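Residue 1 is where the sequence shown starts when you use full-length UniProt numbering, and the numbers rise one by one after that. Cβ atoms here follow ideal geometry from the backbone N, Cα and C, with glycine treated the same way. Source: prediction; values computed, not measured.
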Amino acid sequence: MKRGWDALKIQRIIFLLAAVLLLGSVVTPETAISVDSPVEIPAAGKYIALTFDDGPRADTTARLLDGLRDRGAKATFFLVGRQIAPNAALVQRMKAEGHQIGNHTWDHLKIQGASPSVVLEQISKTDAELCSLLGNDDYWVRPPFGQIDQCQEALFTVPLVKWSVDPWDWKLKNADKDVAAVLKQVRSGDIILMHDTVPESVDAALQIIDLLQEKGYVFVTVKELLEKNEVTPQPCVMYYSDKRHS
Numbered sequence: 001m002k003r004g005w006d007a008l009k010i011q012r013i014i015f016l017l018a019a020v021l022l023l024g025s026v027v028t029p030e031t032a033i034s035v036d037s038p039v040e041i042p043a044a045g046k047y048i049a050l051t052f053d054d055g056p057r058a059d060t061t062a063r064l065l066d067g068l069r070d071r072g073a074k075a076t077f078f079l080v081g082r083q084i085a086p087n088a089a090l091v092q093r094m095k096a097e098g099h100q101i102g103n104h105t106w107d108h109l110k111i112q113g114a115s116p117s118v119v120l121e122q123i124s125k126t127d128a129e130l131c132s133l134l135g136n137d138d139y140w141v142r143p144p145f146g147q148i149d150q151c152q153e154a155l156f157t158v159p160l161v162k163w164s165v166d167p168w169d170w171k172l173k174n175a176d177k178d179v180a181a182v183l184k185q186v187r188s189g190d191i192i193l194m195h196d197t198v199p200e201s202v203d204a205a206l207q208i209i210d211l212l213q214e215k216g217y218v219f220v221t222v223k224e225l226l227e228k229n230e231v232t233p234q235p236c237v238m239y240y241s242d243k244r245h246s
């Protein structure tokens, strides 16, 4: 009698184990992975913000956007106001594809040394153009040449963005040298300055993305870079990277 009872227990254990294994192999709609699902940014990793100034420019910016899309990379574009209307479709595409868009003054004015009224006109005119095309938003500002007077900081109601890596691509106009300059100094959390108006800079930027993605880096917008590193952006503050600000 005991031997029969032991055999019955063994059969039940085998049945339960088989059921567990079977259930474990079932993929429910909640756990299924779709090839069309958006790529999730990992909670912890190596992040870089690639930024582009002075655009948009029809040919080079379009080629850059194609390359970013193909690589699943996000970037931040600081636009010159007078360039927006002639390239409205490109600007709309930037937003539609998840890039961050910022204000680089109306005609690339050097803010440092300018009067408050001139600064406000340059920023507000560009903001109005962006809001008209894309809708109301906080369009962060990158001052041309990265410089403002301390007394001008209070004029800005949004975060200011500088950079921590500058390959001088606008001057070199040499993709190989641009790539070498960036790779020599880039670290996780950096903000890289480049220019989408220079053909060689676009070539370099796409090479940089390819090389750094192979090393595990993820390219995000400046806003995402700060958020991922638990930095709360503040108005009137100049951000150089995820850890440096003034």
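Query, Result
"Tell me which residue opens and which closes the alpha helix (DSSP H) that I209 is part of.", "199-214"
"Where does L193 fall in DSSP's three states?", "strand"
"Tell me, to the nearest whole angstrom, how far the beta carbon of R69 is from that of T197; I am working on the premise that it is less than 8 Å.", "Contact doesn't hold; Cβ gap of about 19 Å is too wide."
"What residue from S115, A114, L64 has the CA that sits closest to L90's CA?", "L64"
"With H, G and I counted as helix, E and B as strand and the rest as coil, what does DSSP make of F145?", "helix"
"Provide the residue(s) that pair with L79 in DSSP beta bridges, ordered along the chain.", "N103"
"So, at 6 Å on beta carbons, what are the nonlocal neighbours of Q112 in its own chain, with the 5 sequence-adjacent residues on each side left out?", "Q147, I148, D149"
"Classify D176: buried if its beta carbon has 16 or more other beta carbons within 10 angstroms, exposed otherwise.", "exposed"
"Below 8 Å, how does it come out for the segment 199-207 and the segment 220-231: are there three or more Cβ pairs, yes or no?", "no"
"Three-state secondary structure (DSSP) at K243?", "coil"
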